[in-house]
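Student: To start, I am sharing the structure in question, which I have written as structure tokens.
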Amino acid sequence: MPSSKLDARRDELVDYGLAACHALQVVADDQKIPFLQTAVGISQLIMESIQRVKANKSQCRQLLDQVHKILCILVNLCGDFEAPLSVALLHSLSQFIETLQKVHGYVRAQADLGMFKRIVKQSENASQFNECTAELRQALESFGASTHTLPPLCIHMDAAQRHEELMAFVAQMNDAASTHSTHSFNRTALRRSSSSLSLLPGSPKIFYGREQELTKIVTALTASDSARVAILGSGGMGKTSLALAAVHHTDIVTMFGTQRFFIPLTAAVSATDLIAKVAQYFGLEQQGRLQKNILRHLCAIPAPVLLVLDNMEDCWESLAGRPQVEDFLSHLSDVPGLRLLVTMRGMERPNQVKWSRPFLPALTPLDADAARSTFFDITDEVTDEKIVNKLLALTDHLPLAISLMANLASFDGCETVLERWNSETTSLLSDGADKLSNLETSIMISLTSPRMKSNPNALKVLSVMALLPDGVSRADLEEMNLPLADVARCISTLMRCALCYLDSDHRFKLLAPISQYARRQCPVSEELQRPLREHFYNVANLFTVPDFLSPLLVHRLSSDLGNIRSVVIHSLGSTDHRQLVQTLGCVIKLAGFTYLTNLGSLEGLDSLQELVATLDEPRLEGQYLYITGYLNHPKLEYSSRRALQCFERAGDLISQGTEYNNFLPSIVSRLSKAMAYRALGFHYQVKRDGAKTTEALSAALELAKKAGTQPNHLADQAATLVQMLQFRNTRGLSDTLPLAYEAHEIAHASGHLWIEASTLRMLASTCERMGDYTRARGFCVQAKALLSALALDGSHVSVFRRTTNTEAEIALQQTNYVYARSLNMSLVTPEESQTGFSHQEISNGHALINIAYIDIATGKHSAAGSTLNLARSLFNAHNSRFGEIACDITLGDFHTKIGEYAEARRLYLQCLPFPSAELRTLCFEKLSDVALLEQEVTLAQRYATLLLIHAFKSGYQAKMHRALRRLGDVFLADGDDTSAMLLFDVALAGFTLMDIHRAKAECWLRMGDIHASRGDSEAARVAWEAARPEFEKSSQHEEVAECDKRLAV
18 MPSSKLDARR
28 DELVDYGLAA
38 CHALQVVADD
48 QKIPFLQTAV
58 GISQLIMESI
68 QRVKANKSQC
78 RQLLDQVHKI
88 LCILVNLCGD
98 FEAPLSVALL
108 HSLSQFIETL
118 QKVHGYVRAQ
128 ADLGMFKRIV
138 KQSENASQFN
148 ECTAELRQAL
158 ESFGASTHTL
168 PPLCIHMDAA
178 QRHEELMAFV
188 AQMNDAASTH
198 STHSFNRTAL
208 RRSSSSLSLL
218 PGSPKIFYGR
228 EQELTKIVTA
238 LTASDSARVA
248 ILGSGGMGKT
258 SLALAAVHHT
268 DIVTMFGTQR
278 FFIPLTAAVS
288 ATDLIAKVAQ
298 YFGLEQQGRL
308 QKNILRHLCA
318 IPAPVLLVLD
328 NMEDCWESLA
338 GRPQVEDFLS
348 HLSDVPGLRL
358 LVTMRGMERP
368 NQVKWSRPFL
378 PALTPLDADA
388 ARSTFFDITD
398 EVTDEKIVNK
408 LLALTDHLPL
418 AISLMANLAS
428 FDGCETVLER
438 WNSETTSLLS
448 DGADKLSNLE
458 TSIMISLTSP
468 RMKSNPNALK
478 VLSVMALLPD
488 GVSRADLEEM
498 NLPLADVARC
508 ISTLMRCALC
518 YLDSDHRFKL
528 LAPISQYARR
538 QCPVSEELQR
548 PLREHFYNVA
558 NLFTVPDFLS
568 PLLVHRLSSD
578 LGNIRSVVIH
588 SLGSTDHRQL
598 VQTLGCVIKL
608 AGFTYLTNLG
618 SLEGLDSLQE
628 LVATLDEPRL
638 EGQYLYITGY
648 LNHPKLEYSS
658 RRALQCFERA
668 GDLISQGTEY
678 NNFLPSIVSR
688 LSKAMAYRAL
698 GFHYQVKRDG
708 AKTTEALSAA
718 LELAKKAGTQ
728 PNHLADQAAT
738 LVQMLQFRNT
748 RGLSDTLPLA
758 YEAHEIAHAS
768 GHLWIEASTL
778 RMLASTCERM
788 GDYTRARGFC
798 VQAKALLSAL
808 ALDGSHVSVF
818 RRTTNTEAEI
828 ALQQTNYVYA
838 RSLNMSLVTP
848 EESQTGFSHQ
858 EISNGHALIN
868 IAYIDIATGK
878 HSAAGSTLNL
888 ARSLFNAHNS
898 RFGEIACDIT
908 LGDFHTKIGE
918 YAEARRLYLQ
928 CLPFPSAELR
938 TLCFEKLSDV
948 ALLEQEVTLA
958 QRYATLLLIH
968 AFKSGYQAKM
978 HRALRRLGDV
988 FLADGDDTSA
998 MLLFDVALAG
1008 FTLMDIHRAK
1018 AECWLRMGDI
1028 HASRGDSEAA
1038 RVAWEAARPE
1048 FEKSSQHEEV
1058 AECDKRLAV
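Using the working numbering, you'd call the opening residue of the sequence shown number 18 and step up by one each time.
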């Protein structure tokens, strides 16, 4: 086909592709599905690159055509409001992201490579094209098999037809969205709003015998704006029903309206779980300081507010976590206008809460009349009241037991149920079993009812559900592929027998007494454990990104965190080798998830060391040692060295090729031994041991290079080079630019956009040190474009944050103070979004120091003090001596600005011995100020000379020229205006090249003053006029006024 026609068809396909991207973006915004936003971003990059393609245009068009097909399918698949994506499809989406990066790499190579390189890499290009084609075909099959609405959309139609069908589907989707206001994509908005009506369970339809307790609760909640009520009692006593009756009471509805919140906590077993469940209920991001986020959110809701925490006993019963639970309740109690109602199994109330008096007594069984009314409301059977009374007596008048017996009687008849009770309890006792409580017997009779016996698989499904405290959706049950016929019928049977219920999130759950009984008396079989493990381990395996977790992915994982943990704990009791390896791999992955998000618990992780060692799986043991080392930094060196020994013993340095690989953590490098060396490098870098850091990172790089040139191995090489660059920059070494370009070239070839963004950030940082600010800014723009395509454009992502920090440093160096301050303000993570990890808070501290320095430099002294104090508190909290010294230096700047030179000098000299090349050079610069040292010109010259030497050694151009300007000040103070003029002229040339406004202005001002002292008023005026706008650009208002005075003469 002629090139012009091919180009026209390609341009048309790009337009179709962009339209598909736009449609998928709308779906992504509505449905909040992990990975969709990233798929859109990378697809747009592909379409941008394909318009610049010089060679292999036909192949690129084929790839774009396949991508367009898949995008159309995804719009159709994910736009289905009633069908949440399965775990398998989420994994397919994750893999599709990897494929899109490869396609982008191939297309970009055809656009960027010259003719000679294309010829040299012809075979490599062909191989890459074939790989992309095969993976796109696989993605097409995976997604195509899951959609039934538009099957021909991506298989048989050409691009134009696909586009027309897509637009028609989007229009249909928009119509559906406008007519149905309760679609699933609106649930998050509902959660985030102050209205909780859609989330409140209904009022109990059968409710007798609790009128006195209900009146006391309603009176307490409406009489005082600090009401705190606890409903206590044994299991099955009707605590939840009483709480719901109170929530829906007319007086409560009138007072609280939509500000009623009912949060079930059946899966919460720790303080962390409790806080995460509350945050999830309100739609708050599952990252950051959740407790403060929750309190801030509740304070923002108009009072009065009623908060109900149901089934809170499990998270409170642990003695180790009890103080944290009570602390959280105490803080909730302090929220103005919030009334608190909790239900708990047992007779004890949590401390640290001033419960309303008189205390509500623990619930007791129903009286006879209430028990009979409850029974007859459930069953319509008219029978001999003597038999009913006998049956009710056997229930001890416990509401749950009555409900179970009544459901049985409505189906089997009272006489039959009574006969079964007598015969089966007698049989249990004759078999030597312990005597059951009447509640347990009621559950047992329900489990052996004819309805249950007519569907034997229902009991098996119940045993599965007993392991899932978070509950399980119908879709997840189907996706588990349990080896049972008609799981949906089993759920229906359980619901009819009142053994399970459907919660507000459309998850099937068991009441706590039933779950506990089922775990003990109906343990899940190995046949059912296997698909259960595979399903929830696959959920955990969605955690694949090494640097971040998107809020959407965090939400998806956290919704099943209790289930995963329960399955893991259950599986750790196995003796099967393969099962234990899979389980421990999942444990390691969960530890990484907790490390990054502060969700879940690390309790018990250290206790698994002996079990891990007994399995004789050296690579698994190495992974375990690696993650435990990172979680406990004092042990990092020891753990990393032991991990190295394990990887060496495994004889397989690349984490591939074993049957357990899918269950091992992908948060770590695929090069196990290289990963351990990098951990050692990180440890020695923190310890400021340059020789050992270099040795460890060089070993990691050598291993990465030996592994080959596969994309993942190239990504490992680039990641190691990035770590080496970070180390060399902190050491003030000047020969980093070639290394930075090498890292970027390797990352570019790997196709991993996140790694490439990291190398671009390092290139920007290196160019910034060299004074090439224009190029540095360009690298920052490129890095942010890639991160935006990956949906990583947020301060919670470390690479994005560091890139913004580099941009801020460029603006600061160029003394563009207004822009520098705004960038640093964007880096100060709001308190509600902080994770509580030291690295983020320390990063906040450094941004605050920059803000304080800018405020001092621009004359806003009052604001600087409080900002510095906040920064210092962050550094103190994490024992960051570096940060504390940086605060002292900035405090010295404050004293210099207000003319307190002696105190400034004392602070700078106090900071000078600290072992940091960066801070020492900064002190040299401060101490070389002639004004600061008053008459000690020789000492100022010495510090200026040291500044010049250090700046020259590190290649820091701006500091070199500032040293020259300081030396000019020294000569000027010493009366040698000729030498001073020469130095100012040289410094000015450099500052002009780097466009550093304030430094240019200061040189011009001094040169103008020298001209004036020589009687050359015209040259002085030219210099002062040149200085004035540069002072304005750097917000130096006092200096602008000084220029005006000089010019007015």
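Ideal placement from N, C-alpha and C gives every residue a C-beta, glycine not left out.
With DSSP as the reference, label Thr-776 as helix, strand or coil.
Tutor: Here the question's residue 776 lines up with position 759 in the sequence shown. Thr-776 falls in the helix class under three-state DSSP.
Student: For Asp-242, collect the residues of the same chain with a Cβ closer than 6 Å to its Cβ; drop the 5 residues on either side in sequence, then sort them by chain order.
Tutor: The residue labelled residue 242 in the question sits at position 225 within the sequence shown. Cβ within range, chain order: Gly-354.
Student: State yes or no: is the C-beta of Leu-323 within less than 9 Å of the C-beta of Arg-362?
Tutor: Translated into positions along the sequence shown, residue 323 becomes position 306. Translated into positions along the sequence shown, residue 362 becomes position 345. Contact: no.
Student: Using C-beta distances below 7 Å, list every residue in its chain close to Ala-975, excluding the 5 sequence neighbours before and after it, in chain order.
Tutor: The residue given as residue 975 occupies position 958 in the sequence shown. Counting only Cβ-Cβ distances below 7 Å, and skipping sequence neighbours, we find Gly-788, Gln-830, Met-1011 and Ile-1013.
Student: Check whether the region 395 to 413 and the region 271 to 291 are in contact - that is, three or more C-beta pairs closer than 8 Å.
Tutor: no
Student: Take Leu-981 and list the residues in its own chain whose beta-carbon comes closer than 6 Å to its own, dropping the five residues that flank it on each side.
Tutor: Here residue 981 refers to the residue found at position 964 when the sequence shown is read from its first residue. Counting only Cβ-Cβ distances below 6 Å, and skipping sequence neighbours, we find Leu-1000, Val-1003 and Ala-1004.
Student: Should Cys-928 be listed as close to the ligand MG, given that the test is whether its C-beta is under 8 Å from any heavy atom?
Tutor: Although the ligand MG was asked about, the structure shown includes no ligands whatsoever.
Student: By Cβ distance, which residues of its chain are closer than 8 Å to Arg-366, with the 5 residues on each side in sequence left out?
Tutor: For the purposes of this step, residue 366 is identified with residue 349 of the sequence shown, where counting begins at 1. Ala-247, Leu-249, Trp-372 and Phe-376, listed in sequence order.
Student: Would the region 934 to 949 and the region 720 to 737 be scored as touching if the rule is three or more Cβ pairs under 8 Å?
Tutor: Touching, no.
Student: DSSP on Tyr-225, reduced to helix/strand/coil?
Tutor: As a working mapping, residue 225 is identified with position 208 in the sequence shown. Reduced to three states, the DSSP call for Tyr-225 is coil.
Student: Using 10 angstroms around the beta-carbon of Asp-994, count the other beta-carbons present and answer buried if the total reaches 16, otherwise exposed.
Tutor: One-based indexing of the sequence shown puts residue 994 at position 977. Asp-994 should be labelled buried.
Student: What residue ranges within the region 459 to 497 form continuous alpha helix (DSSP H) runs of no fewer than 4 residues, ordered along the chain?
Tutor: 467 to 470, 474 to 482 and 491 to 496
Student: List the DSSP bridge partners of Ile-248.
Tutor: Residue 248 sits at position 231 when you count from the first residue of the sequence shown. Answer by DSSP bridge pairing, in chain order: Thr-360.
Student: Kindly list the residues whose CB is nearer than 6 Å to the CB of Ala-903, restricted to its own chain and excluding five residues on each side of it in sequence; keep chain order.
Tutor: In the sequence shown, counting from the first residue as 1, residue 903 sits at position 886. Cβ neighbours of Ala-903 beyond the five flanking positions: Ile-866.
Student: For Asp-401, which of helix, strand or coil comes out of DSSP?
Tutor: For the purposes of this step, residue 401 is taken as residue 384 along the sequence shown, with counting starting at 1. Of the three classes helix, strand and coil, the one that applies to Asp-401 here is coil, per DSSP.
Student: For Val-835, does the count of other Cβ atoms within 10 angstroms reach 16, so buried, or fall short, so exposed?
Tutor: On the sequence shown, residue 835 is found 818 positions in, with the first residue counted as 1. Burial call: exposed.
Student: Which first and last residues belong to the alpha helix (DSSP H) in which Pro-530 is found?
Tutor: Numbered from its first residue, the sequence shown carries residue 530 at position 513. Here the alpha helix (DSSP H) through Pro-530 covers 529 to 538.
Student: Which residues in the same chain have their Cβ closer than 7 Å to the Cβ of Ala-961, if we skip the five residues on either side of it in sequence?
Tutor: Position 944 of the sequence shown, counted from the first residue, corresponds to residue 961. Counting only Cβ-Cβ distances below 7 Å, and skipping sequence neighbours, we find Ser-945, Ala-980, Arg-983, Leu-984 and Val-987.
Student: Helix or strand or just coil, what does DSSP make of Pro-281?
Tutor: Position 264 of the sequence shown, counted from the start, is the residue given in the question as residue 281. Correct three-state label for Pro-281: strand.
Student: Would the beta-carbon of Ser-1052 fall within 9 Å of that of Thr-884?
Tutor: Taking the sequence shown and counting its residues from 1, one reaches residue 1052 at position 1035. Taking the sequence shown and counting its residues from 1, one reaches residue 884 at position 867. Not a contact, by the Cβ cut-off of 9 Å.
Student: Given Asn-498, which residues of its chain have a CB within under 6 Å of its CB, disregarding the five upstream and five downstream residues?
Tutor: For the purposes of this step, residue 498 is taken as the residue at position 481 of the sequence shown. Hits under 6 Å: Pro-548.
Student: Asn-886: buried (16+ other C-beta within 10 angstroms of its C-beta) or exposed?
Tutor: Within the sequence shown, the letter at position 869 stands for residue 886. By the neighbour-count rule (16 or more Cβ atoms within 10 Å), Asn-886 is not buried but exposed.
Student: How many angstroms separate the CA atom of Ala-1067 from the CA atom of Ile-63?
Tutor: For the chain, the structure presents residues 18 to 1066; residue 1067 sits outside this window and is missing.
Student: Could you check what DSSP says for Val-352 in three-state terms: helix, strand or coil?
Tutor: Locating residue 352 in the sequence shown gives position 335, counting from the first residue. Reduced to three states, the DSSP call for Val-352 is coil.
Student: CA-CA distance, Ala-557 and Ser-575?
Tutor: Counting from one through the sequence shown, the residue named residue 557 turns up at place 540. Counting from one through the sequence shown, the residue named residue 575 turns up at place 558. Going by the C-alpha atoms only, they are around 10 Å apart.
Student: Provide the residue span of the beta strand (DSSP E) that contains Leu-415, from first to last.
Tutor: Translated into positions along the sequence shown, residue 415 becomes position 398. Taken as a continuous stretch (DSSP letters only), Leu-415 belongs to no beta strand (DSSP E), as it is neither H nor E.
Student: Based on the DSSP secondary-structure assignment, which residues constitute the bridge partners of Leu-519?
Tutor: The sequence position of residue 519 within the sequence shown is 502, counting from 1. Per DSSP, Phe-525.
Student: To which residues does DSSP link Leu-409 through a beta bridge?
Tutor: Against the sequence shown, residue 409 aligns to sequence position 392. Answer is none; Leu-409 lacks a bridge partner.
Student: Distance check for Asn-861 and Arg-922, CA to CA, integer angstroms please.
Tutor: Here residue 922 refers to the residue found at position 905 when the sequence shown is read from its first residue. Here residue 861 refers to the residue found at position 844 when the sequence shown is read from its first residue. Using only the alpha carbons, I get a separation of about 27 Å.
Student: Please state whether the Cβ-Cβ distance between Ala-72 and Gln-127 is less than 9 Å.
Tutor: Sequence index remark: in the sequence shown, residue 72 carries index 55 (1-based). Sequence index remark: in the sequence shown, residue 127 carries index 110 (1-based). In contact: Ala-72 and Gln-127 (Cβ atoms closer than 9 Å).
Student: For Ala-263, count neighbouring C-beta atoms within 10 Å of its own C-beta (all shown protein chains included) and say buried if the count is 16 or more, exposed if not.
Tutor: One-based indexing of the sequence shown puts residue 263 at position 246. So Ala-263 ends up on the buried side.
Student: Exposed or buried, what is Val-57 when buried is set at 16 or more other beta-carbons lying within 10 Å of its beta-carbon?
Tutor: Here residue 57 corresponds to residue number 40 of the sequence shown, with the count starting at 1. Per the 10 Å Cβ criterion, buried.
Student: Could you please give the first and the last residue of the uninterrupted beta strand (DSSP E) stretch that includes Val-322?
Tutor: Residue mapping note: residue 322 aligns to position 305 of the sequence shown, counting from 1. For Val-322, the enclosing beta strand (DSSP E) covers residues 322 to 327.
Student: In angstroms with no decimal places, state the Cα-to-Cα distance between Asp-129 and Glu-115.
Tutor: Within the sequence shown, residue 129 is the residue found at index 112, counting from 1. Within the sequence shown, residue 115 is the residue found at index 98, counting from 1. So the alpha carbons of these two residues sit roughly 21 Å apart.
Student: Where does Cys-171 fall in DSSP's three states?
Tutor: Taking the sequence shown and counting its residues from 1, one reaches residue 171 at position 154. Note that Cys-171 has pLDDT 48, beneath the 50 cutoff, so the model's placement of it is unreliable and the number below is only indicative. Three-state result, Cys-171: coil.
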